[in-house]
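Take a look at the structure below.
In mature numbering (1 follows the signal peptide of the UniProt record, and there is no 0), the protein residues as written are -34 to -1, 1 to 294.
Laid out in C-alpha coordinates, this is it:
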(Lines of atoms letter the chains of each structure in order from A and count residues from 1; the text may use other names and numbers.)
(Lines give C-alpha, C1' and ligand atoms only; values in the text may rest on other atoms or scores of the structure.)
Protein backbone atom coordinates (compact mmCIF):
# COMPACT_ATOMS: atom_id res chain seq x y z
CA UNK A 1 0.00 0.00 0.00
CA UNK A 2 2.86 2.32 0.87
CA UNK A 3 4.48 1.56 -2.50
CA UNK A 4 1.23 2.25 -4.32
CA UNK A 5 0.91 5.55 -2.44
CA UNK A 6 4.49 6.50 -3.35
CA UNK A 7 3.88 5.75 -7.02
CA UNK A 8 0.77 7.91 -6.98
CA UNK A 9 2.69 10.75 -5.38
CA UNK A 10 5.52 10.51 -7.92
CA UNK A 11 3.07 10.24 -10.80
CA UNK A 12 1.30 13.41 -9.62
CA UNK A 13 4.52 15.39 -9.58
CA UNK A 14 5.52 13.90 -12.90
CA UNK A 15 2.26 15.02 -14.44
CA UNK A 16 2.73 18.54 -13.09
CA UNK A 17 6.18 18.70 -14.65
CA UNK A 18 4.82 17.43 -17.95
CA UNK A 19 2.06 20.04 -17.94
CA UNK A 20 4.61 22.78 -17.33
CA UNK A 21 6.73 21.57 -20.22
CA UNK A 22 3.71 21.40 -22.53
CA UNK A 23 2.64 24.94 -21.60
CA UNK A 24 6.17 26.17 -22.21
CA UNK A 25 6.22 24.53 -25.64
CA UNK A 26 2.84 26.08 -26.53
CA UNK A 27 4.05 29.50 -25.43
CA UNK A 28 7.25 29.20 -27.45
CA UNK A 29 5.41 27.93 -30.51
CA UNK A 30 3.23 31.03 -30.42
CA UNK A 31 6.28 33.25 -30.85
CA UNK A 32 7.89 30.99 -33.45
CA UNK A 33 4.74 30.95 -35.56
CA UNK A 34 4.95 34.75 -35.91
CA UNK A 35 1.68 35.53 -34.19
CA UNK A 36 1.39 39.12 -33.01
CA UNK A 37 2.45 39.55 -29.40
CA UNK A 38 0.06 41.30 -27.09
CA UNK A 39 1.71 44.59 -26.22
CA UNK A 40 0.79 47.93 -24.78
CA UNK A 41 0.59 50.71 -27.35
CA UNK A 42 1.52 53.15 -24.61
CA UNK A 43 5.19 52.15 -24.96
CA UNK A 44 5.23 50.39 -28.33
CA UNK A 45 4.56 50.81 -32.03
CA UNK A 46 2.33 48.37 -33.87
CA UNK A 47 3.98 47.69 -37.23
CA UNK A 48 2.26 46.14 -40.23
CA UNK A 49 3.43 45.09 -43.70
CA UNK A 50 1.23 46.58 -46.47
CA UNK A 51 3.00 44.59 -49.20
CA UNK A 52 2.43 41.28 -47.41
CA UNK A 53 -1.23 41.22 -46.31
CA UNK A 54 -0.91 37.78 -44.72
CA UNK A 55 2.00 38.88 -42.53
CA UNK A 56 1.26 39.40 -38.86
CA UNK A 57 1.71 42.74 -37.12
CA UNK A 58 4.75 43.31 -34.95
CA UNK A 59 5.15 45.00 -31.61
CA UNK A 60 8.14 47.38 -31.66
CA UNK A 61 9.37 48.99 -28.44
CA UNK A 62 9.53 52.79 -28.62
CA UNK A 63 13.15 53.97 -28.28
CA UNK A 64 14.09 56.72 -25.83
CA UNK A 65 15.22 60.06 -27.21
CA UNK A 66 17.69 62.42 -25.50
CA UNK A 67 16.83 65.87 -24.17
CA UNK A 68 16.00 68.38 -26.88
CA UNK A 69 14.69 65.71 -29.24
CA UNK A 70 11.39 63.91 -29.58
CA UNK A 71 10.28 60.58 -30.94
CA UNK A 72 8.60 60.58 -34.33
CA UNK A 73 6.11 59.24 -35.11
CA UNK A 74 4.20 59.38 -31.84
CA UNK A 75 4.75 56.34 -29.64
CA UNK A 76 1.71 54.07 -29.83
CA UNK A 77 1.10 54.78 -33.51
CA UNK A 78 0.25 52.10 -36.04
CA UNK A 79 3.04 52.26 -38.62
CA UNK A 80 4.07 50.43 -41.78
CA UNK A 81 7.43 48.75 -42.21
CA UNK A 82 8.42 51.73 -44.39
CA UNK A 83 7.94 54.26 -41.58
CA UNK A 84 11.22 55.56 -40.17
CA UNK A 85 11.40 55.72 -36.37
CA UNK A 86 13.76 58.46 -35.26
CA UNK A 87 14.51 61.18 -32.73
CA UNK A 88 13.78 64.58 -34.27
CA UNK A 89 15.26 67.79 -32.79
CA UNK A 90 12.64 70.01 -31.16
CA UNK A 91 12.03 73.46 -32.69
CA UNK A 92 13.24 76.58 -30.87
CA UNK A 93 10.34 78.56 -29.33
CA UNK A 94 7.80 76.02 -30.62
CA UNK A 95 8.45 72.60 -29.10
CA UNK A 96 10.61 71.09 -26.36
CA UNK A 97 11.55 67.86 -24.60
CA UNK A 98 13.13 68.04 -21.15
CA UNK A 99 13.31 64.30 -20.52
CA UNK A 100 15.21 61.31 -21.85
CA UNK A 101 12.10 59.39 -22.78
CA UNK A 102 9.86 57.94 -25.48
CA UNK A 103 7.81 61.14 -25.73
CA UNK A 104 7.54 63.30 -28.83
CA UNK A 105 8.41 66.99 -28.68
CA UNK A 106 5.75 68.87 -26.73
CA UNK A 107 4.41 72.31 -27.54
CA UNK A 108 5.88 75.21 -25.61
CA UNK A 109 3.60 76.75 -23.03
CA UNK A 110 1.80 79.87 -24.23
CA UNK A 111 2.10 82.67 -21.66
CA UNK A 112 -0.68 84.65 -23.29
CA UNK A 113 -0.36 88.25 -22.10
CA UNK A 114 1.76 87.37 -19.06
CA UNK A 115 5.42 88.34 -19.06
CA UNK A 116 7.96 85.76 -20.18
CA UNK A 117 10.72 84.90 -17.71
CA UNK A 118 12.51 82.46 -20.00
CA UNK A 119 11.92 81.63 -23.64
CA UNK A 120 11.28 78.08 -24.77
CA UNK A 121 14.34 76.11 -25.85
CA UNK A 122 14.49 72.63 -27.39
CA UNK A 123 15.16 71.11 -23.95
CA UNK A 124 13.19 73.46 -21.68
CA UNK A 125 9.62 74.77 -21.57
CA UNK A 126 8.81 78.46 -21.60
CA UNK A 127 8.54 80.03 -18.14
CA UNK A 128 5.82 82.60 -17.53
CA UNK A 129 5.68 85.32 -14.91
CA UNK A 130 2.66 86.78 -13.14
CA UNK A 131 2.85 90.29 -14.56
CA UNK A 132 0.23 91.59 -16.98
CA UNK A 133 0.38 94.54 -19.40
CA UNK A 134 -0.90 97.95 -18.42
CA UNK A 135 -4.68 98.07 -17.89
CA UNK A 136 -4.85 94.31 -17.36
CA UNK A 137 -5.04 92.17 -14.23
CA UNK A 138 -4.22 88.54 -13.38
CA UNK A 139 -7.41 86.59 -12.63
CA UNK A 140 -7.80 83.57 -10.33
CA UNK A 141 -7.09 81.19 -13.21
CA UNK A 142 -3.77 82.80 -14.07
CA UNK A 143 -4.96 84.69 -17.17
CA UNK A 144 -4.46 88.38 -17.91
CA UNK A 145 -7.84 90.03 -18.28
CA UNK A 146 -8.59 93.51 -19.54
CA UNK A 147 -9.61 95.99 -16.86
CA UNK A 148 -12.98 97.69 -17.15
CA UNK A 149 -13.32 101.32 -16.14
CA UNK A 150 -16.85 102.60 -16.50
CA UNK A 151 -18.32 105.91 -15.52
CA UNK A 152 -20.65 105.82 -12.49
CA UNK A 153 -23.64 106.85 -14.59
CA UNK A 154 -23.10 104.15 -17.23
CA UNK A 155 -24.06 100.50 -16.85
CA UNK A 156 -21.19 98.04 -17.37
CA UNK A 157 -22.96 96.53 -20.40
CA UNK A 158 -22.66 99.87 -22.20
CA UNK A 159 -18.94 99.33 -22.70
CA UNK A 160 -18.48 98.50 -26.38
CA UNK A 161 -15.16 98.84 -28.16
CA UNK A 162 -16.80 99.89 -31.40
CA UNK A 163 -18.04 103.05 -29.69
CA UNK A 164 -15.37 103.71 -27.05
CA UNK A 165 -11.67 103.78 -26.47
CA UNK A 166 -10.19 100.65 -24.86
CA UNK A 167 -10.93 100.34 -21.14
CA UNK A 168 -13.23 103.36 -21.13
CA UNK A 169 -16.96 103.96 -21.21
CA UNK A 170 -18.99 106.78 -22.68
CA UNK A 171 -22.46 107.97 -21.75
CA UNK A 172 -25.07 106.65 -24.14
CA UNK A 173 -25.98 110.17 -25.25
CA UNK A 174 -22.45 110.57 -26.69
CA UNK A 175 -22.70 107.42 -28.76
CA UNK A 176 -23.80 107.07 -32.34
CA UNK A 177 -25.97 104.15 -33.31
CA UNK A 178 -25.06 101.56 -35.93
CA UNK A 179 -27.17 103.45 -38.47
CA UNK A 180 -25.91 106.92 -37.49
CA UNK A 181 -28.81 107.64 -35.12
CA UNK A 182 -28.37 108.96 -31.62
CA UNK A 183 -27.22 105.93 -29.65
CA UNK A 184 -29.10 106.99 -26.53
CA UNK A 185 -32.17 105.14 -27.79
CA UNK A 186 -30.24 102.10 -28.96
CA UNK A 187 -29.51 99.42 -26.39
CA UNK A 188 -26.44 97.22 -26.34
CA UNK A 189 -28.69 94.25 -27.09
CA UNK A 190 -29.88 95.99 -30.26
CA UNK A 191 -26.31 96.47 -31.41
CA UNK A 192 -25.31 92.88 -30.68
CA UNK A 193 -28.40 91.54 -32.43
CA UNK A 194 -27.61 93.65 -35.50
CA UNK A 195 -24.03 92.37 -35.49
CA UNK A 196 -25.19 88.76 -35.26
CA UNK A 197 -27.56 89.27 -38.17
CA UNK A 198 -24.79 90.89 -40.20
CA UNK A 199 -22.43 88.01 -39.39
CA UNK A 200 -25.07 85.46 -40.41
CA UNK A 201 -25.68 87.17 -43.74
CA UNK A 202 -22.01 87.63 -44.55
CA UNK A 203 -21.31 84.03 -43.55
CA UNK A 204 -23.41 82.79 -46.46
CA UNK A 205 -21.39 84.92 -48.88
CA UNK A 206 -17.92 84.19 -47.54
CA UNK A 207 -15.25 83.90 -50.20
CA UNK A 208 -12.94 81.88 -47.95
CA UNK A 209 -15.15 78.85 -47.50
CA UNK A 210 -12.79 75.93 -46.81
CA UNK A 211 -12.66 73.19 -49.43
CA UNK A 212 -13.03 70.08 -47.27
CA UNK A 213 -12.68 67.84 -50.33
CA UNK A 214 -8.95 68.64 -50.35
CA UNK A 215 -8.56 66.54 -47.19
CA UNK A 216 -8.19 62.77 -47.74
CA UNK A 217 -11.43 61.13 -46.64
CA UNK A 218 -9.63 58.48 -44.58
CA UNK A 219 -7.54 60.98 -42.58
CA UNK A 220 -8.25 61.05 -38.83
CA UNK A 221 -7.47 63.75 -36.27
CA UNK A 222 -5.03 61.31 -34.68
CA UNK A 223 -2.67 62.03 -37.61
CA UNK A 224 -2.46 65.74 -36.81
CA UNK A 225 0.76 65.37 -34.81
CA UNK A 226 2.44 63.49 -37.68
CA UNK A 227 1.55 65.72 -40.64
CA UNK A 228 4.47 67.88 -41.83
CA UNK A 229 4.65 70.62 -44.45
CA UNK A 230 7.56 71.49 -46.74
CA UNK A 231 9.28 73.38 -43.88
CA UNK A 232 8.95 70.28 -41.66
CA UNK A 233 6.42 72.10 -39.47
CA UNK A 234 3.72 70.02 -37.80
CA UNK A 235 0.03 70.69 -38.44
CA UNK A 236 -0.87 70.24 -34.75
CA UNK A 237 1.39 73.14 -33.77
CA UNK A 238 -0.31 75.44 -36.31
CA UNK A 239 -3.72 74.51 -34.92
CA UNK A 240 -2.56 74.95 -31.31
CA UNK A 241 -1.40 78.51 -31.91
CA UNK A 242 -4.86 79.39 -33.18
CA UNK A 243 -7.05 77.52 -30.68
CA UNK A 244 -5.13 77.71 -27.38
CA UNK A 245 -6.08 81.32 -26.68
CA UNK A 246 -8.69 82.42 -24.15
CA UNK A 247 -12.16 82.18 -25.70
CA UNK A 248 -13.99 85.36 -26.63
CA UNK A 249 -17.49 85.89 -27.94
CA UNK A 250 -16.07 86.78 -31.36
CA UNK A 251 -13.38 84.09 -31.44
CA UNK A 252 -14.10 80.52 -30.36
CA UNK A 253 -11.32 78.25 -29.14
CA UNK A 254 -10.63 74.56 -28.43
CA UNK A 255 -13.45 74.37 -25.86
CA UNK A 256 -16.22 75.17 -28.35
CA UNK A 257 -14.71 72.80 -30.92
CA UNK A 258 -14.68 70.04 -28.30
CA UNK A 259 -18.34 70.67 -27.46
CA UNK A 260 -19.36 70.34 -31.11
CA UNK A 261 -17.39 67.07 -31.36
CA UNK A 262 -19.37 65.73 -28.36
CA UNK A 263 -16.54 65.78 -25.82
CA UNK A 264 -18.12 65.61 -22.36
CA UNK A 265 -18.03 68.62 -20.05
CA UNK A 266 -16.17 66.48 -17.52
CA UNK A 267 -13.39 65.81 -20.04
CA UNK A 268 -13.32 69.47 -21.07
CA UNK A 269 -12.87 70.43 -17.41
CA UNK A 270 -9.95 68.00 -17.15
CA UNK A 271 -8.40 69.57 -20.25
CA UNK A 272 -8.82 72.99 -18.62
CA UNK A 273 -6.93 71.65 -15.60
CA UNK A 274 -4.11 70.51 -17.89
CA UNK A 275 -4.08 74.00 -19.40
CA UNK A 276 -3.50 75.58 -16.00
CA UNK A 277 -0.68 73.09 -15.43
CA UNK A 278 1.08 74.32 -18.56
CA UNK A 279 -0.06 71.85 -21.20
CA UNK A 280 -1.64 72.91 -24.48
CA UNK A 281 -5.44 72.42 -24.26
CA UNK A 282 -5.66 71.85 -28.00
CA UNK A 283 -3.05 69.10 -27.74
CA UNK A 284 -5.03 67.54 -24.87
CA UNK A 285 -8.25 67.77 -26.90
CA UNK A 286 -6.67 66.07 -29.93
CA UNK A 287 -5.26 63.39 -27.64
CA UNK A 288 -8.72 62.79 -26.16
CA UNK A 289 -10.35 62.59 -29.59
CA UNK A 290 -7.60 60.27 -30.86
CA UNK A 291 -8.28 57.72 -28.11
CA UNK A 292 -12.07 57.82 -28.32
CA UNK A 293 -14.05 54.82 -29.53
CA UNK A 294 -14.90 56.65 -32.76
CA UNK A 295 -11.96 58.84 -33.78
CA UNK A 296 -13.30 61.88 -35.70
CA UNK A 297 -12.11 62.39 -39.25
CA UNK A 298 -10.07 65.43 -40.17
CA UNK A 299 -12.99 66.57 -42.30
CA UNK A 300 -15.28 66.32 -39.27
CA UNK A 301 -12.83 68.41 -37.26
CA UNK A 302 -12.83 71.09 -39.97
CA UNK A 303 -16.64 71.09 -40.02
CA UNK A 304 -16.59 71.75 -36.27
CA UNK A 305 -14.21 74.67 -36.87
CA UNK A 306 -16.54 76.10 -39.50
CA UNK A 307 -19.46 75.79 -37.06
CA UNK A 308 -17.38 77.92 -34.67
CA UNK A 309 -16.63 80.47 -37.43
CA UNK A 310 -12.93 79.57 -37.23
CA UNK A 311 -12.43 79.77 -40.98
CA UNK A 312 -8.78 80.73 -40.45
CA UNK A 313 -7.93 77.37 -38.86
CA UNK A 314 -10.23 75.42 -41.20
CA UNK A 315 -8.54 76.84 -44.29
CA UNK A 316 -5.12 76.20 -42.80
CA UNK A 317 -5.98 72.50 -42.52
CA UNK A 318 -7.69 72.25 -45.91
CA UNK A 319 -4.75 73.91 -47.68
CA UNK A 320 -2.16 71.73 -45.97
CA UNK A 321 0.23 69.96 -48.43
CA UNK A 322 -1.60 66.65 -48.35
CA UNK A 323 0.67 65.24 -51.04
CA UNK A 324 3.33 64.90 -48.31
CA UNK A 325 1.10 62.69 -46.21
CA UNK A 326 2.26 59.11 -45.79
CA UNK A 327 -0.65 56.81 -44.96
CA UNK A 328 0.10 55.00 -41.73
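We treat Cβ as the ideally placed atom computed from N, Cα and C, and that holds for glycine. In this text, all values refer to a predicted model and were calculated from it rather than measured experimentally.
Test item: CB-CB of residue i and residue j under 7 Å
i	j	result
residue 9	residue 24	no
residue 220	residue 209	yes
residue 279	residue 205	yes
residue 224	residue 234	yes
residue 16	residue 46	yes
residue 80	residue 110	yes
residue 207	residue 276	no
residue 70	residue 37	yes
residue 255	residue 262	yes
Whole-angstrom C-beta distance between residue j and residue i, which should lie under 8 Å
i	j	result
residue 28	residue 68	4 Å
residue 298	residue 64	The requested residue 298 does not occur in the structure, where the chain is confined to residues -34 to 294.
residue 180	residue 284	5 Å
residue 32	residue 66	6 Å
residue 176	residue 107	Actually they are not in contact, since the Cβ atoms of residue 176 and residue 107 sit about 32 Å apart, beyond 8 Å.
Close Cβ partners of residue i (< 7 Å) along its chain, the five nearest in sequence each way excluded
i	result
residue 87	58 and 62
residue 287	195 and 196
residue 55	34, 35 and 88
residue 248	205, 206, 209, 210 and 220
residue 30	66, 67 and 68
residue 85	59 and 92
Classification of residue i by the beta-carbon crowding that lies within 10 angstroms, buried from 16 upward
i	result
residue 35	buried
residue 253	buried
residue 191	buried
residue 203	buried
residue 52	exposed
residue 20	exposed
residue 246	buried
residue 257	exposed
residue 259	exposed
residue 83	exposed
residue 112	exposed
residue 312	The shown model of the chain, from -34 to 294, leaves out residue 312, and the question about it has no answer.
residue 193	buried
residue 201	buried
residue 48	exposed
Sequence-distant residues of its chain with Cβ nearer than 8 Å to residue i (five each side left out)
i	result
residue 264	181, 182, 185, 186, 187, 189, 190 and 283
residue 290	193, 194, 195 and 196
Beta-carbon contacts of residue i that lie in its chain and below 6 Å, excluding the five residues immediately before and after
i	result
residue 75	91, 92 and 244
residue 7	42
Touch check for the region 88 to 98 and the region 265 to 283: three-plus C-beta pairs under 8 Å? no
Under 8 Å: do the region 219 to 234 and the region 95 to 110 share three or more Cβ pairs, one atom per stretch? Cβ pair count under 8 Å is below three, so no.
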